[in-house]
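Undergrad: Numbering (the working numbering), first residue to last: 428 to 727. Each residue gets a CB set at the ideal place from its N, CA and C atoms; glycine is no exception.
(1) Considering only the beta carbon of each residue, do residue 631 and residue 476 sit closer than 8 Å?
(2) Which runs of the alpha helix (DSSP H), 4 residues or longer, sit entirely within the stretch 508 to 563?
(3) Of all the alpha helix (DSSP H) runs that stay within the bounds of the stretch 615 to 685, which reach a length of 4 or more residues?
(4) Do residue 460 and residue 607 count as a contact pair if the criterion is CB distance below 8 Å?
(5) Runs of 3 residues minimum, wholly inside the stretch 433 to 498: which ones carry the beta strand (DSSP E) assignment?
(6) Indicate the three-state DSSP secondary structure (helix, strand or coil) for residue 568 in the structure shown.
(7) Going by C-alpha to C-alpha distance, which of 715, 705, 710 sits closest to residue 515?
(8) Taking the continuous beta strand (DSSP E) assigned at residue 609, which residues delimit it?
(9) Between the Cα of residue 437 and the Cα atoms of 574, 585, 613, 492, which residue gives the shortest distance?
(10) Would you mind sorting residue 712 into buried or exposed? The rule is 16 or more other CB atoms within 10 Å of its CB.
(11) Give the DSSP bridge partners of residue 431, in chain order.
(12) With H, G and I counted as helix, E and B as strand and the rest as coil, what does DSSP make of residue 600?
(13) Is it buried or exposed, residue 485, if we count other Cβ atoms within 10 angstroms and call 16 or more buried?
(14) Can you name the residues that DSSP bridges to residue 726?
(15) Can you tell me whether residue 481 is buried or exposed, with buried defined as 16 or more other CB within 10 angstroms of its CB?
(16) Applying the 10 Å Cβ sphere with the 16-neighbour rule, what's the burial state of residue 534?
(17) Short check: CB of residue 577 to CB of residue 548, under 8 Å?
(18) Please return the same chain residues whose Cβ sits closer than 7 Å to the Cβ of residue 398, not counting the five positions on each side in sequence.
(19) Which partner residues of residue 706 appear in the DSSP bridge assignment?
(20) Cβ atoms of residue 462 and residue 609: under 8 Å apart, would you say?
(21) Start and end of the beta strand (DSSP E) containing residue 577?
(22) If residue 520 sits next to residue 551, beta carbons under 8 Å apart, how far is it from one beta carbon to the other, in whole angstroms?
(23) Report yes if the CB atom of residue 726 is closer than 8 Å to the CB atom of residue 685, and no otherwise.
(24) Which stretch, first to last residue, makes up the beta strand (DSSP E) that contains residue 585?
(25) Work out the CA separation of residue 715 and residue 752 for me, nearest whole Å.
(26) What residues match up with residue 613 in a beta bridge as DSSP calls it?
(27) Mapping DSSP to helix, strand and coil, what is residue 505?
(28) Once the 5 residues before and after residue 640 are set aside, which same chain residues still bring their CB inside 7 Å of it?
(29) With DSSP collapsed to three states, give me the class of residue 711.
(30) With residue 512 and residue 503 assumed to form a contact (beta carbons below 8 Å), what rounded beta-carbon distance in angstroms separates them?
(31) From this set, 446, 695, 580, 660, which residue's C-alpha is nearest residue 724's C-alpha?
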């Protein structure tokens, strides 16, 4: 049986980008990506909001996001590969309590050169043609809707096409000799003792063990290293070997809204936030709802 150097479970953006960078740094390594679906980026990646931002309270997350955005900018602008990257920005509409909680984070990031802009309630009401004060609205009280006290706009943020990004990583990975197999479902890990003794049923609890690949519906795949990039399906594989991954998928509701009326078109193509000439990726106050623009399709 062939033993790969690395097998990656999951052909979304995380799995394919991981495989690509491992292969790029280790050209002689035999690396295989498997996915239960028929093409790249069809599971978690396909359900993504396909948006990016550089605002994080964690410095590590900030560095990871910022460097990723710069890389995607390089791919689109310098390499001329269309990722449908648009810097529409992020707009947080905050109630007073949320603003006070976020202000120390913004102040700290501003000292490090992070750019953002504050919008007052009145300006937001005018630009977005929206009601910002719901204090006297009985239905709003019943639904626990929050007032809009301030808006925080992040210019280094926006939207991207997840399918384009997944296909970019897949193509680059294949160019440098990587392998991808679709329609292969990982069912469980292959667990072997580090120092096998030939005893039936090993490894036992007193033996040091390692993950030696994955059992799939098409047969076993042996590998020196196994990378799990299966998104919401990770617990199904890790639970069996007793590893808590602290991942629990949450259901969301998505409503596509076509900008058919003049009012909706005015909202979608609002001017003044970015050069893209559309509404930013907007997060409303509680309850948390976001609006993701698709300006070329005329849809929210």
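TA: According to the data block:
(1) Here the question's residue 631 lines up with position 204 in the chain shown. Here the question's residue 476 lines up with position 49 in the chain shown. It is not a contact, given that the beta carbons lie outside the stated cut-off.
(2) DSSP runs (the alpha helix (DSSP H)) wholly in the stretch 508 to 563: 523 to 538, 548 to 555.
(3) As for any alpha helix (DSSP H) of minimum length 4 sitting wholly inside the stretch 615 to 685, the runs are 661 to 665, ordered along the chain.
(4) Along the chain shown, one-based indexing puts residue 607 at 180. Along the chain shown, one-based indexing puts residue 460 at 33. Taking 8 Å as the cut-off, the Cβ atoms of residue 607 and residue 460 count as close.
(5) As far as the stretch 433 to 498 is concerned, its whole beta strand (DSSP E) runs of at least 3 residues are 458 to 462, 478 to 480.
(6) Reading the chain shown from its first residue, position 141 is the one you call residue 568. Note: residue 568 maps to helix in three-state DSSP.
(7) As a first step, residue 515 is located in the chain shown; it is residue number 88 there, counting from the start. Among 715, 705, 710, the Cα nearest to that of residue 515 is on 705.
(8) As a first step, residue 609 must be located in the chain shown, where it is residue number 182. Counting along the chain, the beta strand (DSSP E) containing residue 609 begins and ends at 606 to 609.
(9) Translated into the one-based positions of the chain shown, residue 437 becomes position 10. The candidate whose alpha carbon is nearest that of residue 437 is 613.
(10) The residue given as residue 712 occupies position 285 in the chain shown. Counting the other Cβ atoms within 10 Å of the Cβ of residue 712 gives 16 or more, which makes it buried.
(11) Here residue 431 refers to the residue found at position 4 of the chain shown. Residue 431 pairs with 650.
(12) Position 173 of the chain shown holds residue 600. DSSP places residue 600 within a helical segment (H, G or I) once states are collapsed to three.
(13) For the purposes of this step, residue 485 is taken as the residue at position 58 of the chain shown. Classification of residue 485: exposed, given that the 10 Å Cβ count is below 16.
(14) One-based indexing of the chain shown puts residue 726 at position 299. Answer is 685, 721.
(15) Taking the first residue of the chain shown as 1, we reach residue 481 at position 54. Residue 481 is buried by the Cβ-count criterion.
(16) Here the question's residue 534 lines up with position 107 in the chain shown. Using a 10 angstroms sphere on the CB of residue 534, the tally of other CB atoms stays under 16, which defines it as exposed.
(17) Taking the first residue of the chain shown as 1, we reach residue 577 at position 150. Taking the first residue of the chain shown as 1, we reach residue 548 at position 121. Against a cut-off of 8 Å, the Cβ pair of residue 548 and residue 577 comes out as a contact.
(18) Given a span of 428 to 727 for the chain in the structure shown, any question on residue 398 remains unanswerable.
(19) As a working note, residue 706 is residue 279 in the chain shown. Beta-bridge analysis with DSSP links residue 706 to no other residue.
(20) Within the chain shown, the letter at position 182 stands for residue 609. Within the chain shown, the letter at position 35 stands for residue 462. The Cβ atoms of residue 609 and residue 462 sit closer than 8 Å to each other.
(21) Within the chain shown, residue 577 is the residue found at index 150, counting from 1. Run containing residue 577: 577 to 581, per the beta strand (DSSP E) assignment.
(22) Taking the first residue of the chain shown as 1, we reach residue 520 at position 93. Taking the first residue of the chain shown as 1, we reach residue 551 at position 124. 7 Å between Cβ atoms; contact.
(23) Within the chain shown, the letter at position 299 stands for residue 726. Within the chain shown, the letter at position 258 stands for residue 685. Contact check for residue 726 against residue 685 passes: the beta carbons are separated by less than 8 Å.
(24) Translated into the one-based positions of the chain shown, residue 585 becomes position 158. Looking at the DSSP string, the run of the beta strand (DSSP E) that includes residue 585 is 584 to 586.
(25) This structure cannot speak to residue 752, because the chain is shown only from 428 to 727.
(26) Position 186 of the chain shown, counting from 1, holds the residue named residue 613. Looking at the DSSP assignment, residue 613 forms a beta bridge with 643.
(27) Sequence index remark: in the chain shown, residue 505 carries index 78 (1-based). In the displayed model, residue 505 falls within coil according to three-state DSSP, outside both helix and strand.
(28) In the chain shown, residue 640 corresponds to position 213, counting from 1. Within the same chain, and ignoring the five residues on either side of residue 640 in sequence, the residues whose Cβ sits closer than 7 Å to its Cβ are 434, 617, 647, 648, 649, 650, 653.
(29) Reading the chain shown from its first residue, position 284 is the one you call residue 711. Coil, per DSSP.
(30) Stepping through the chain shown from its first residue, residue 512 is reached at position 85. Stepping through the chain shown from its first residue, residue 503 is reached at position 76. Yes, residue 512 and residue 503 are in contact; Cβ-Cβ is about 5 Å, under 8 Å.
(31) Walking along the chain shown from the start, residue 724 turns up at place 297. Here the closest residue by C-alpha is 695.
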